[in-house]
Amino acid sequence: MDLLPTEEQLEIIGTVKAQLESDFSLNDLAERDGRDQVIDDTLWQRCAELGWFALGIPEEDGGVGYSLVEEALLFEEVGAHATPGPFLATILAAHVAADCGESELLGQILSGERRVALAEPEDGNQYRLTDHGGADLALAISGSRAAILDLAGVEITPELSLDPLVPLGTASIDSDPLCAVDDPSISLRASVLVAAELAGIARATAEQSTEYGKDREQFGRPVGSFQALKHRCADMAVRADAAVNLTRLAALSVVAGHDDAEFQSEAARVLATQAALENTTWNVQNHGGIGFTWEHTAHRYVTRAQFRARTAGTPRDHRAALLGASAT
Amino acid sequence: MDLLPTEEQLEIIGTVKAQLESDFSLNDLAERDGRDQVIDDTLWQRCAELGWFALGIPEEDGGVGYSLVEEALLFEEVGAHATPGPFLATILAAHVAADCGESELLGQILSGERRVALAEPEDGNQYRLTDHGGADLALAISGSRAAILDLAGVEITPELSLDPLVPLGTASIDSDPLCAVDDPSISLRASVLVAAELAGIARATAEQSTEYGKDREQFGRPVGSFQALKHRCADMAVRADAAVNLTRLAALSVVAGHDDAEFQSEAARVLATQAALENTTWNVQNHGGIGFTWEHTAHRYVTRAQFRARTAGTPRDHRAALLGASAT
Amino acid sequence: MNLDLTAEEQAFRDEASTWLAENLPTEERPPEGAEMRAFDLAWQRTLFDGGWAGINWPVEYGGRGLSDIQQMIWYEEFAKADPPFTLNNSCTFVGNNHGGPTLILKGSDEQKAEHLPKILKGEAVWCQGFSEPGAGSDLASLNTKAVVDGDELVVTGQKTWTSYAHVADLQELLVRTDSDAPKHKGISWVICDMRSPGIEVREIETMSHVTDFCEVFYDEVRIPLTNVVGEINDGWRVAMSTLSFERGTAFMADQVELAATVERLIAEARERTSADGRRPAIEDEDIAKRLSMARAEVTALRAMTIAGISRTARTGIPGPEGSMIRLFHGELHQRIYRLAMDIVGAEALRLTPVDGEGVWTGPYLQSFAYTIGGGTTDIQRNIVGERVLGLPRQ
Amino acid sequence: MNLDLTAEEQAFRDEASTWLAENLPTEERPPEGAEMRAFDLAWQRTLFDGGWAGINWPVEYGGRGLSDIQQMIWYEEFAKADPPFTLNNSCTFVGNNHGGPTLILKGSDEQKAEHLPKILKGEAVWCQGFSEPGAGSDLASLNTKAVVDGDELVVTGQKTWTSYAHVADLQELLVRTDSDAPKHKGISWVICDMRSPGIEVREIETMSHVTDFCEVFYDEVRIPLTNVVGEINDGWRVAMSTLSFERGTAFMADQVELAATVERLIAEARERTSADGRRPAIEDEDIAKRLSMARAEVTALRAMTIAGISRTARTGIPGPEGSMIRLFHGELHQRIYRLAMDIVGAEALRLTPVDGEGVWTGPYLQSFAYTIGGGTTDIQRNIVGERVLGLPRQ
């Protein structure tokens, strides 16, 4: 029993981090604020080449052969860097395609050749789409049911998005899915991955506030020496640590097929949501005026957390699922 | 338009304070912890002689001729000193007796000759009684309906009370009330008076923490110079100030017969409840170990706030009433 | 203690209500630039012509010399009139609530005569040059330097968070005129013409997509010494006199508007479906609990304001208790918009403007400013703890 | 990263579960005095005889020398066995978790030989003499003085918050042996025989009606110098070594029990009627929201504990991260009992014992101690901020 990443896992984390820092700098991405496609095809292709989409796909299906645990570690970093892009839809779609035996489709997704938006059912055939720019597929997920939809010919009404790096639109989609599954492992995977992204957001904002507390001086001393800020940083660190560790535990539980897998996954999702919403909010406050500017990255985490809190289920859905899950 | 007490009102407050400090010291009362009658007859009589029960009863009915505003100022001090005793039941019962034209009964209540417990309906004829020791009457209140019940022959089952100075029991009471009214002004009065007591609790605990912050030294300086405590004291002061001023405004609104009287009274009750629960809790924390001892008065406020939060309606009842009330 | 309006106050209320019904613009306020400035100044002129400018300014300076209660009544009637814009969100705010009041308290006769009428008549936009990037909450450690050269000050440095600097004519500017004195003692308060050579204004975009905030850069900007308000090097005290005014009545309008916001949110919660999809959102106990608390809290804010006015009426000057209202209001404002995010369902992900009817996400983003601007809540809590409660300084 | 139990750990779990089923007392723990002491010591003896005393103590000192994971498994199995008492609420706690471990780390061979077996066998009750009324959170400013006189220390002063002092045989006592040294440098850690002449113990009643807390007065109490653990004047470092142990595994039992409490509270909320009288309390969204958060949080506490164990397993010593668990646990414990007060309706006004089945108000009152005892949450936050995050000291 061990909750710390292995050497091999640390290496994966390190590679992901380096890549995100060099290719996905928020300063560069800021130029694409408000576009319907923020990750261009070259960049997306590069992620594919790095094997990020294939991380948890078995080798026999053309994947890297790791598990949900390594996918969660990837998502933690994606959250920590506030990295935009349809990572969740892509990776879930890869699993759906693999489950359905759609190896050609799977190959196209894993190679980055075809892109997958996320489609969240709003009402009947009406979907809320995110990251639809450049995508000709969409993953629709609702509880344990997941389907890959064809976006060809679908008219998408763009909406002003709270998060300028998460393109938002609505569409009515009536066509039959290209493939579909009804499998609780999909919703468990979605819960853990979204939790991991939120935990990463909570962790990064805790770190950002702490760094600011060390660097910024006021009244002749570092602001982090004042109890008000110091104590808030402590609370943020606790929230982040709780979210990160619980999410890792949940990922392990799902992979091990334990009876408490649903319980742990929903607990992680509930906890990480709260941690991310709280930490991102306090992070703006801790930075004072500068944290309220567009140029600073603090607001990116705020709006991303609001989005992810409502990705693949609302906070209330997950709280109810947690209360309903069996603890053992 | 003015929310500060007049000279005359300041005098009333001063007299009440002096009396509570000399006759109702918590150190003295502590000896009566757990008894079913904590205020002895002599002391109760003295309150009667001071005119506390008659404060808001018209002069023509044998009262002092002030209004709910002055009653609320009395209750604010009762709360601030964590003074036990059936003040609420007594004063409401006096108004019920006056409304019913029961002048003999009114006289007995005002003179302190007959004592009135509070009876809160729990289930059918089952009541939760408080302050029943020495009382031969009980005031039953439920929304706008209020009745004076005869306790003669009623068997009271004593219960262990969370607050050792608030005697608690249950009884089944089937007899017809001595007199009864159905009058919204009773529930408005109850809301304002309980709010005032809770606001007084919030105020006193804010003051207690602030004083401690000035007096107690640790790490070579007053603990109130540390931001953590200083900021908590600031928050407590804000909560207390909000509760006190809103309660006074509500009392004035009821007396003036304004359309928003119910709205203001319920708002005061909701706000003061929250302020008292929060401030009493923080007050223990702010005092550290000493605040956790029986000898210190901090816990008196905690349990009293828990009682008053559930006196004449639960927190939820009042929140619902506030949401349902008309804002103008 | 009483809630009675005097006959005069009642008449004032009726008069305000009637006038507003007839004169309130129906068009929305343009969100930026010259059009916004023109709109704000035109409305100020309309107020002036109607006799509603400077309600609690002294009569000798063109005001009506009325009480704070009447000022509050005006705000309440304004909110009731269902205006298409918010009162304090105007480029006339600084002139009316900071610059003007400071001149009234500390300005020379010439300064008053020149500037006060223009503020009331909507002929000049003022902005505030207090904050600096290096100083932040430690306002008094400001570094923008002013050297006396003949009968002028030569100013070099930088200010930030200067709302409406890009459309302003004048600025209330704090500069360091003595670098050797203790930090509070070497500051002067000057009137700066925003069209002076050497001034550069750069807009800062905020997380709520508002661009009214600016940075202002000063490169040897020359300001006549006659523009110093109060004594040279006494600018900190001059600035504090404005801040205590600010804590008094300047934010009443915000409070009144916040109460209206809560009522709109309650209406929204009655109409919307709760997160479980089965009932109106208001029947969700978590939502109901927070809404009723919000309703109680905005009502308390009003009670605290009336108590503050009562106190000021007795003592003549606003006490430090105003800082409690400030602190309470800032966090309450945020709680309310954060609650809105939980009520509006998937709408929470759709961006709206900051201002307007039935919008929530823009104001939610904007609400982050309410515990930062004008001194963070940490600073506000220090002020309450030390100046109101008398707790020892650190 | 894995959740696998080794074959040995799995066998340990089965063994523990079987043993507990057969040996767990069924009677409730007497709430006070000699009966309580006898009960606690008897249970310790039963544990010892069964091979469950000192699970993670080294074998050479009579322990089983097992891992922290096995220690945690033991606590989890204990909680699952539905015990009629809580594990840490025992007068054997200090010996097992403070005194014993300190002797193992810092004691002389003689000290170890004399005391460790008695602790494991349930033959001695230890209490802790660290806190003083004048020192409070500033533990190191303690004033109880010890003067060397021949081969003895002569101790005069006062300690407080000494749980179980009234039934204890021995005390881990911090005294000031050098008043001229800086405050952390003049302290010694000594073993004090509680039956020494000059000791007076007075019980303190707490707000939760518990009388296990005591004040201890020392009037020229003579303690042999051989009872000093570690070097004289080096007691602060000795004490800190215990505290880091305490942050490591000593509170695991509390965490495991808290998880069980949440499950009981969820069951309670399913059975009870909500405040509106129309549905089960758990269908009240406010209650449901807080219950699900509590469930997530106790689960996170376990994950943090496992992460801490993993870290300790690699580094050999518990890191400062344990203070995060401490802080999180204390406030969570309180939130849970405060939530209980909102679930149990009018029962909230009826006082129950602190310990037992289906009781809430006694534990609610007791929960106030969880953010005070062993360093207030203010101190815990300082520790997390400074030692874990590296933020500058004040």
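Residue numbers (the numbering used here), protein chains in the order written: chain A, 13 to 340; chain B, 13 to 340; chain C, 1365 to 1758; chain D, 1365 to 1758.
From the three backbone atoms N, C-alpha and C, an ideal C-beta is built for every residue, glycine too.
Closest Cα partner of residue i within the set the options
i        : options                              : result
N137(A)  : E83(A), T285(A), I153(A) and L41(A)  : I153(A)
L180(B)  : R126(B), G124(B) and G97(B)          : G97(B)
T182(B)  : A105(B), A131(B) and Q297(B)         : A131(B)
A1499(D) : P170(B), Q230(B), E71(B) and G146(B) : Q230(B)
G1427(C) : L1480(C), F1403(C) and N1452(C)      : L1480(C)
V1748(D) : R1690(D), S1731(D) and Y1734(D)      : R1690(D)
L1589(D) : G1514(D), G1414(D) and G1720(D)      : G1514(D)
S1472(D) : I1563(D), I1673(D) and V1593(D)      : V1593(D)
Y313(A)  : F87(A), L104(A), A94(A) and Q21(A)   : A94(A)
L1537(C) : Y1528(C), D1557(C) and H1530(C)      : D1557(C)
Residue-level contact to chain C via CB, residue i, 8 Å cutoff
i        : result
F319(A)  : yes
V28(B)   : no
Q297(A)  : yes
D14(B)   : yes
K1444(D) : no
Paired residues, beta bridge with residue i - DSSP
i        : result
A1509(C) : Here residue 1509(C) turns out to be Lys, not Ala, going by the sequence shown. Per DSSP, T1520(C) and R1540(C).
D162(A)  : L149(A)
Q230(B)  : R233(B)
D1557(C) : L1534(C)
A1398(C) : For A1398(C), which the question treats as bridged, DSSP gives no partner whatsoever.
CB contact flag (residue i, residue j, <8 Å)
i        : j        : result
T217(A)  : N291(A)  : yes
L1665(C) : Q1619(C) : yes
E1632(D) : L283(A)  : no
S199(A)  : G269(A)  : no
T1526(C) : V1580(C) : yes
Test: residue i CB closer than 8 Å to a CB of chain B
i        : result
Q1620(C) : First, the residue type needs correcting, since residue 1620(C) is Val and not Gln in the sequence shown. No, no contact with chain B.
A1645(D) : no
I1670(C) : yes
E1632(C) : no
I1433(C) : yes
Buried or exposed (CB count within 10 angstroms, at least 16 for buried), residue i
i        : result
Q1374(C) : exposed
A321(A)  : buried
A1545(D) : exposed
E1649(D) : buried
M1604(D) : exposed
K242(B)  : buried
P1727(D) : buried
L22(B)   : exposed
K29(A)   : exposed
G1641(C) : exposed
E89(A)   : buried
E1496(D) : buried
Minimum Cβ-Cβ distance from residue i to chain A less than 8 Å
i       : result
V231(B) : According to the sequence as given, residue 231(B) is Phe; it is not Val. No, because no Cβ of chain A sits closer than 8 Å to the Cβ of F231(B).
Q239(B) : yes
Cutoff 8 Å: residue i Cβ touching any chain D Cβ
i        : result
S173(A)  : no
E1649(C) : yes
Cβ-heavy atom distance, residue i to the ligand ZN, below 7 Å
i      : result
L15(A) : Looking at this structure, you won't find the ligand ZN or any other ligand, since it has none at all.
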